């Protein structure tokens, strides 16, 4: 009878062990499923964020290229305007110099020549200052207009970056 009594606790222990193993197996399977689901959810979210960042970066790159192209066009047009103004100033100066030479050649006395020369020198100086001012203003205008699309794009990029950091 002692052998039977000894086997009874072994059976009970075996049953308890089997029950514990099944419970452990079920727990591991549940945890494994939960972990897999969390990994999948995180992976999907990360993938979605990466795709959004990639799309935003691509759009930003395209916007920067467009801003650069626009700035280049504005610059080219501005340089063209400056060159036209320079040519116009040069032609005007050549015409005035030809007229000045005629005036000086028509002088009968040294006093007439000196007075004409003084008047012409003063006029040439005034013309030079006016032309320099005009070219400087055009240069400033071209620079300002060229930088407008680049500044707008930079402001937009900074706002996007700030908004992204705030989120």
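Numbering (full-length UniProt numbering), first residue to last: 1 to 167. Even glycine gets a Cβ: it sits at the ideal position worked out from N, Cα and C. What you are looking at is a predicted structure, and each value in this text was computed from that prediction instead of being measured.
Are residue i and residue j touching if we call contact CB-CB under 8 Å?
| i | j | result |
| --- | --- | --- |
| residue 56 | residue 96 | no |
| residue 89 | residue 59 | no |
| residue 78 | residue 141 | yes |
| residue 116 | residue 107 | yes |
| residue 146 | residue 71 | yes |
| residue 113 | residue 104 | yes |
| residue 152 | residue 45 | no |
| residue 82 | residue 135 | yes |
Nearest to residue i by CA position, among the options, is which residue?
| i | options | result |
| --- | --- | --- |
| residue 164 | 49, 15, 42 | 49 |
| residue 123 | 109, 134, 99, 110 | 99 |
| residue 85 | 139, 160, 161, 15 | 139 |
| residue 69 | 160, 150, 34 | 150 |
Does the stretch 150-160 come into contact with the stretch 59-66, if we say contact requires no fewer than three beta-carbon pairs (one atom in each stretch) closer than 8 Å? yes
Ignoring anything shorter than 3 residues, give me the beta strand (DSSP E) runs that lie fully in the stretch 40-87, in order along the chain. none
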